[in-house]
Structure formats: structure tokens, C-alpha cells
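What follows is a short report on a single structure.
Protein chains in written order, with the numbering used here: chain A, 281 to 540; chain B, 281 to 540.
Okay, structure coming up:
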């Protein structure tokens, strides 16, 4: 599978400009990638007030979703993106993906909300999900979720070969992108893709450092701090090879319960 | 607490020479450290046949233990070391520690055996343990044990502020010492000390790279590849500070059961 991550600048609150960035890159990549991933809350930008995020939130089949679906059909590229999701009175920090034929591949709501800001804006999800794509079983996580080794283990126990985590990671947490993400891949024998923002947004500097890691913990592609597309071709045969070399999943003497 | 790790060369099968290395370094450190840690199976060396390890194994109060206890009394230094432990018909890959007053601080048997070689030589332990030392709650793990995020989480849930892992890590697994150990500290908000062998032993090249990591994932001390003592003064106040900054332990939506 040819996986591409877009590490974009943010135009907070300007979904139209965000979509234009996505559309231009998706058209560039058409025929050269199978799946394009963009960051957490890509639709709106991340660093907005709870009120603003809630007012911009859309249902899973809202106007931005219809644009993304049309873009996937046009380019033949599957597209996975983050957005504030409205569901009745509740708003979630969600991702969803559309296939090149317009089918919805997955919809996931963030399980772990890291800050008072996020807890003011969003309700929490309750389930992990997986979807089939390009011969892989893929599990989406969002930002803080992937910092818990338990989340990745649970995805892998549910069959995942590839974990995809859109994120919004600040520069002073760079050690998470640099060290923790490759270790998540290594310790659970799974590909991990981590798609962050570039540049800065309001009072926040982003770390950039988006990456794609192999199931042996090797970094297959790594972004700098600025706007960038990174990509890698993932070979599913690497997964059983990594798990035969380091048999953590077989040897662990602990069992995981949850999510609760 | 002033913690020192000795990263020694191995003299496989020559416990007397191993003890002489330990004694010389303990005498150097007397008055300058509180706890000295040496690698996995320090007493005998690691890279021996199952038969050899079993024939050299000693009970927890065997001759090497009595020497280590006397050395702790002489130097006033607590000493934690790995050894093949005989208990009736069974042999374990164990660590134990003696305090400066000769008291046994802890005795622990490796939970996760990583290879056919180790499984041929040793029975597995079944429990995690902690001990109090210098105001810290300390949990020993051994080598492969610490590669499981679950092990460190479980130690922390049992109250540990400091995890100490004697190890025997080969050079081609350097990413474990370089990346995984700091991440274990960061993700569970706990000091982690990792004491490896230097140089080579029979057909094995060791990674060296022993380290002491703070609960914020920062490397406080890091060895090279050769014989070396590294040390750091650990401030227990760093632990609640790290756990307030990154609230993983509070926010995880998974529960751990085990060890089984």
C-alpha cells in the first residue's frame, strides 16, 4: 500500500482554505498513492475555542464530508481526515475516511481527551474500530490515544497491521514524535503513521515530525517542521516478519481490558 | 537517592573474577552512591549453556550471596545483582539486593523469558515485587521484562517510583536501549535504570548503552559500549511532577490484568 501523509499549515476556522490545500495535494498524488492522511481536526484547524469548534462541527455526512467524498472519487485516492463531528447535542473529535469509490471506510471518535480545552469542547468516544484497505487491517487513533501503549496493543489484538494517528503535537512534546511513535510500532509489531500539523497556529508551535514507522520500529519516512508530504510503500509481509523476530504479542504475561 | 550502574565486561563462568570487578567498583563508590546495580546474570556471565548455568546456579543465600552481603556491609552501599538461582530442582533467572546493613532488600525472578536458550535454562517467575529504598518504592525487572509496557505500568500501579532492569542486550537491539527505555519512563512517569553488559561475550556483542532515565523521559546518564560506571542523583519529587504534566496514569481507558 502506498501511504501518504500531508503535514499542512493551519488556517483556523477557514474550512474552505483547508479543503483547498487538501484538494491540491490529493490531485498531485492521484495515481501515486492509495491513501492520503491529514491531521487531527483538519477541517477546522485545532487551536480554536470550544464554542468555535462546536459551532463549526458537522455531522459525518455534512458539507465537508461530501466535498471529501467527491475529492476521493475524483482522484481515486482514499482520504482520511480529522473533523469536529456533531451528533445531536454532542460534539466529538473524530476522523473518517472515504475510499476512491466514495464508500465510507471508517468513522472513529477520539477515546482519550488530553486537556481541559478538549474536554470542554468534546464528548469522548467509547470504541476502537478497524477497517480493511489495500490488504491491510487499519485502525485509526487520534493524537493522545496513540501515546498509550494499551491503545496500540488493543488495535493489534483486534487485528490491525497499520495504526493511523492524525495528531496536533506541539513542539515542546517532540520526544513523542521522535521516540514514542517508533516504539509504539516496535513493541506491537505494527506499522504506525503519525500525521501532524506544520508551522504554528495562534499561540501554538507545532512539532511537525510526521512519520511512518515500520513494524520493526524503523522510521520509513519523517517530515521536518514545515508543510510537507511524506510517503512510504508498506509491505504487509513485514508485519509477521517483525512479530516472529520480536514475539512480544505471544510472550506478554498481561491481559488488557477495555476501553472503559 | 544516588544511583550507580556498573556496565562490566563478562568473564563467563568465572564468578570469582566477576565478584572482584564488583568489589573494586563498590569500594570506589563507597560514600558516593547509595545503590549499585549490575547486569543480568552478573554472577556467572550471561552467554553460557543451559547446563552450565544450571550447574553454577546458587540458592538465594549461597556463597556469592554471602560475599555480596558482606561487600554491602563493608561499603555501606546497597548492591543489586543478577544471578542464576537454584531452588530445589528449579533454576530461575533472578536478581536480589542487599542493603548496607546486610538486610535482603528484594528477590525477583524474571517473568518473561525471551529465547529458546533461556527457556531451556530457566523456569519463569510469577510475580512482580517492590521494595522500599532511600524514600523510593523500587521495582526490579529483568531485561526482556522491561520491553513490555505492561510490566512497567504494573510496577507503577503497585506503587513504583523507580524501575531497575539489569539486562543483557546485544548490539543489534540498540534501539531498545536508545529509544524504548526512555519511552518506558515517559509513558508511565517513572525513573527507569537499565544496566547492561559491556564488550562481548563468546559470540555476542553487547550494546552497552546502560542508562538512567527520568520520569519525563529525559536521559540523565548514558553509557557508551565499554566498561563504565554511570550515576545520577534521583529526586523523588520529579515523579509527581511528571505525572501531573502528562496524566497518562489517570487518563488510560484500559485496565491491565496479570501477570498470568
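We put the CB at the ideal spot given by N, CA and C, even for glycine.
Are there 16 or more other CB atoms within 10 angstroms of the CB of residue i, so buried, or fewer, so exposed?
{"i": "residue 482/B", "result": "exposed"}
{"i": "residue 339/A", "result": "exposed"}
{"i": "residue 358/A", "result": "buried"}
{"i": "residue 376/B", "result": "buried"}
{"i": "residue 305/A", "result": "buried"}
{"i": "residue 437/B", "result": "exposed"}
{"i": "residue 344/B", "result": "buried"}
{"i": "residue 439/B", "result": "exposed"}
{"i": "residue 405/B", "result": "buried"}
{"i": "residue 290/A", "result": "buried"}
{"i": "residue 296/B", "result": "exposed"}
{"i": "residue 431/A", "result": "buried"}
{"i": "residue 399/B", "result": "exposed"}
{"i": "residue 369/B", "result": "exposed"}
{"i": "residue 346/A", "result": "exposed"}
{"i": "residue 469/B", "result": "buried"}
{"i": "residue 539/A", "result": "buried"}
{"i": "residue 535/A", "result": "exposed"}
Tell me where the alpha helix (DSSP H) around residue i begins and ends.
{"i": "residue 508/B", "result": "Per DSSP, residue 508/B belongs to no alpha helix (DSSP H); it is in the beta strand (DSSP E), 508 to 513."}
{"i": "residue 437/B", "result": "429 to 437"}
{"i": "residue 530/A", "result": "528 to 531"}
{"i": "residue 461/A", "result": "461 to 468"}
{"i": "residue 296/B", "result": "295 to 309"}
{"i": "residue 316/A", "result": "Premise fails: residue 316/A lies in the beta strand (DSSP E), 315 to 317, not in any alpha helix (DSSP H)."}
{"i": "residue 536/A", "result": "Where residue 536/A is concerned, there is no enclosing alpha helix (DSSP H), although the beta strand (DSSP E) it sits in stretches over 535 to 537."}
{"i": "residue 334/B", "result": "330 to 336"}
{"i": "residue 520/A", "result": "518 to 525"}
Along the chain, where does the beta strand (DSSP E) that runs through residue i open and close?
{"i": "residue 376/B", "result": "370 to 378"}
{"i": "residue 287/A", "result": "282 to 287"}
{"i": "residue 399/B", "result": "Run containing residue 399/B: none in the beta strand (DSSP E); it sits in the alpha helix (DSSP H), 396 to 401."}
{"i": "residue 348/A", "result": "Per DSSP, residue 348/A belongs to no beta strand (DSSP E); it is in the alpha helix (DSSP H), 343 to 355."}
{"i": "residue 473/B", "result": "471 to 475"}
{"i": "residue 412/B", "result": "411 to 413"}
{"i": "residue 418/A", "result": "416 to 420"}
{"i": "residue 446/B", "result": "442 to 446"}
Can you check whether the C-beta of residue i is within less than 7 Å of a C-beta belonging to chain B?
{"i": "residue 409/A", "result": "no"}
{"i": "residue 522/A", "result": "no"}
{"i": "residue 489/A", "result": "no"}
{"i": "residue 518/A", "result": "no"}
{"i": "residue 532/A", "result": "yes"}
{"i": "residue 402/A", "result": "no"}
{"i": "residue 421/A", "result": "no"}
{"i": "residue 495/A", "result": "no"}
{"i": "residue 398/A", "result": "no"}
{"i": "residue 291/A", "result": "no"}
{"i": "residue 389/A", "result": "no"}
{"i": "residue 234/A", "result": "No answer is possible for residue 234/A: it lies beyond the span of chain A, which begins at 281 and ends at 540."}
{"i": "residue 320/A", "result": "no"}
{"i": "residue 428/A", "result": "yes"}
{"i": "residue 540/A", "result": "yes"}
{"i": "residue 460/A", "result": "yes"}
Can you find a CB in chain A that lies within less than 7 Å of the CB of residue i?
{"i": "residue 472/B", "result": "no"}
{"i": "residue 463/B", "result": "yes"}
{"i": "residue 416/B", "result": "no"}
{"i": "residue 392/B", "result": "yes"}
Please name the residue or residues paired with residue i in a DSSP beta bridge.
{"i": "residue 384/B", "result": "378/B"}
{"i": "residue 362/A", "result": "375/A"}
{"i": "residue 492/B", "result": "473/B, 501/B"}
{"i": "residue 486/A", "result": "450/A"}
{"i": "residue 320/B", "result": "Beta-bridge pairing links residue 320/B to no other residue."}
{"i": "residue 367/A", "result": "370/A"}
{"i": "residue 389/A", "result": "374/A"}
{"i": "residue 480/B", "result": "485/B"}
For residue i, is the beta carbon positioned less than 6 Å from some heavy atom of the ligand NAD?
{"i": "residue 495/B", "result": "No copy of the ligand NAD appears in this structure; indeed no ligand is present at all."}
| said: Pairs of beta-carbons, one from the segment 500 to 516 of chain B and one from the segment 396 to 412 of chain B, closer than 8 Å: are there three or more? | reply: The segment 500 to 516 of chain B, when compared against the segment 396 to 412 of chain B, does not touch it at the 8 Å Cβ threshold.
| task | Could you run through the segment 434 to 457 of chain B and flag, in chain order, every residue whose CB is less than 7 Å away from some CB of chain D? | result | Given the protein chain composition of this structure (A and B), no chain D is represented.
| On the three-pair Cβ rule with 8 Å, is the segment 472 to 490 of chain A touching the segment 311 to 329 of chain A? | Enough Cβ pairs lie closer than 8 Å, so yes.
| said: I'd like to know if the segment 417 to 436 of chain B and the segment 338 to 357 of chain B are in contact, where contact means that at least 3 CB-CB pairs between them fall below 8 Å. | reply: They do not touch, by the three-pair rule.
| message | Below 8 Å, how does it come out for the segment 293 to 312 of chain B and the segment 457 to 473 of chain B: are there three or more Cβ pairs, yes or no? | response | These segments do not touch.
| message | Is it the case that the segment 347 to 354 of chain A contacts the segment 390 to 398 of chain A, given that we only count it when at least three CB pairs across the two stretches are under 8 Å? | response | Segments in contact, no.
| said: Can you confirm whether the segment 501 to 510 of chain B touches the segment 524 to 533 of chain B when touching is taken to mean that 3 or more C-beta pairs between the two stretches lie within less than 8 Å? | reply: Short answer: they don't touch.
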